[in-house]
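Here the structure comes first, spelled out in structure tokens, and everything after it is commentary.
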Amino acid sequence: MQDNKVAAQFRPDLARWRQLVAPAWLAMLIDGAPVDARPSADWRLLEVGCGGAAPFEHGHIPGAAYIDSGQFECEPLWNKVDDQVLLDLLLAHGVRHETTVILYGRNNLAAARLAHLLLYAGVDDVRLLDGGFASWQAAGHACARGAVGPAGRPAAAGFGAAFPAHPEYLIGTSQARALLSTADGALVSIRSEAEFLGKVSGYSYIAARGDIPGARWGRAGADGDVNSMSAYHLADGRMKPAAEIALQWRRQGIVEGLQIGFYCGTGWRASMAFFYAWLMGWPRISVYDGGWLEWSGADFVRLTEIKGGAGRDANVGAFPREAPSCMF
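In the working numbering, the protein residues as written are 2 to 329.
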């Protein structure tokens, strides 16, 4: 068993080390080999994507089913769908509260977005493939081809527990505003430096530039790429050591024990930061679902007062009528 644990490359620096899995561990699990931290109950493997299943059908990890972000986010703000819609989606894929759900994506931010919502829902055992689909391919593991769907698994009749079990993991605009005036609270921007300083909005469908006054910069990735989380990832896309992430947060006044609300443009990067903080064992964490898209369009916001001296385009108050591209 020790050899398997070494091969599986679990992370000793994470409080919830079982929840970030390596390709070697997943391959052994799929093959039915004995592995450390094997799911204690039924398990599901889900690829999370955006914009359609064609890439999944061309090649995916064997045994995976596909979920599109359009199934758990909705217009106009790309926030979480209603709880009943989310519950129905989970049940359709055979997910109960005790089901182990292993997630990955070609853009692993999409998988992190769903991981956060599964924790909100109350799934007890949520795991993320470190480095996503790229890490599986880089390790040389086989892929399968075929259609989408729950991979022949039966739907679940019920969730088996209160739903959602962790509503505290998701906050709205009023709660985000309250954090700014809470002595031990912190609203944390997971956006690029150019976004945080108000040089760009980062999105073709968000006109307002700037960031929330009083927010602390949690960093994200390269300017001009809202899918970049290079501040959190090694060159191959795997999570950086927990100590490095904690240090960059501490330099911005973001420390364990604060009541933290992570946000970004619409939720994907914030969800990755949330999941990493959760892996590290940080308590009192949440995602501000609406992020900069919702905040910048709120009635109470005066964009002339936004940190960074941001400007406002004439159409900033109008949310997009068409779905944006898969950049979050």
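Where a beta carbon is used, it is the ideal one built from N, C-alpha and C, also for glycine.
Sequence-distant residues of the same chain with beta carbon closer than 6 Å to residue i, five excluded per side
| i | result |
| --- | --- |
| G215 | L181 |
| V317 | With a pLDDT of 32 at V317, under the threshold of 50, the modelled position of this residue cannot be trusted, and the question is left open. |
| L30 | V36 |
| R192 | A221 and C265 |
| I172 | G262, S287 and Y289 |
| Y204 | G266 |
| Q253 | R217 and W218 |
| R39 | none |
| W137 | P24 and I62 |
| A166 | G123 |
| A135 | G238 |
Counterpart residues of residue i in DSSP-defined beta bridges
| i | result |
| --- | --- |
| A28 | Partner(s): none; A28 has no beta bridge. |
| F263 | V189 and V288 |
| V36 | Its beta-bridge partners do not exist; DSSP assigns none. |
| A145 | H61 |
| G50 | D69 |
| H117 | Per DSSP, none; premise fails for H117. |
| W44 | T101 |
| I172 | Y289 |
| V22 | L130 |
| W218 | S190 |
| H167 | None; H167 has no bridge partner. |
| M240 | H234 |
| D125 | D125 is not bridged to any residue. |
Nearest candidate by alpha-carbon position, reference residue i, set the options
| i | options | result |
| --- | --- | --- |
| L198 | A177, G225 and T183 | G225 |
| A158 | S190, G222, L91 and A148 | L91 |
| R217 | A223, A195 and F263 | F263 |
| A299 | A54, P155, S175 and H167 | S175 |
| R45 | A55, A65 and Y121 | A65 |
| S202 | A148, G292, A166 and D14 | G292 |
| H142 | G268, G33 and H61 | H61 |
| D212 | K200, D185, R285 and A55 | K200 |
| L188 | A54, F275, S136 and P56 | F275 |
| S297 | A236, Y206 and P242 | Y206 |
| P168 | R146, A195, K81 and V227 | K81 |
| E194 | G186, R285 and A223 | A223 |
is_contact[residue i, chain C] using C-beta, thresh 8 Å
| i | result |
| --- | --- |
| P77 | Within the model displayed, chain C is absent; a lone protein chain is all it includes. |
Proximal residues to residue i (C-beta, below 7 Å), its chain only, five neighbours per side dropped
| i | result |
| --- | --- |
| W18 | F11 and R12 |
| V124 | V96, H98, T100 and V102 |
| Q20 | V127, R128, L129 and L280 |
| W1 | There is no way to answer for residue 1, as the model of the chain reaches only from 2 to 329. |
| M240 | L21, D131, Y233, H234 and Y277 |
| A42 | E99, T100 and T101 |
| P155 | G95 |
| I164 | Correcting the residue identity first, residue 164 is Phe in this sequence and not Ile. Correct list, in chain order: D84, L88, A122 and G123. |
| G161 | R97, H98 and E99 |
| A148 | E58 |
| R146 | E58, H59 and G60 |
| M273 | L110, A113, M230 and Y233 |
Own chain residues within Cβ distance below 8 Å of residue i, not counting five before or after
| i | result |
| --- | --- |
| G133 | Y105, G106, R107, N108, N109, A112 and G238 |
| A16 | L280, M281 and G282 |
Check your understanding: Does the count of Cβ pairs from the segment 242 to 260 and the segment 81 to 88 closer than 8 Å reach three?
Key -> no
Review point. Taking only runs of the alpha helix (DSSP H) that begin and end inside the segment 55 to 114, which ones reach a length of at least 4 residues, in chain order?
Key: 55 to 59 and 84 to 93
Point to revise | Stretch pair the segment 226 to 239 + the segment 252 to 259: three plus CB contacts closer than 8 Å | key: Contact check between the segment 226 to 239 and the segment 252 to 259: fewer than three CB pairs, one atom from each, fall below 8 Å, which does not count as touching.
Check your understanding: Can we say the segment 177 to 196 touches the segment 112 to 132, given the rule of at least three CB pairs closer than 8 Å?
Key -> Touching, no.
Exercise for review: Spell out a yes or no on whether the segment 41 to 54 and the segment 62 to 76 are touching, meaning 3 or more CB-CB pairs, one atom from each, closer than 8 Å.
Suggested key: Yes, they touch.
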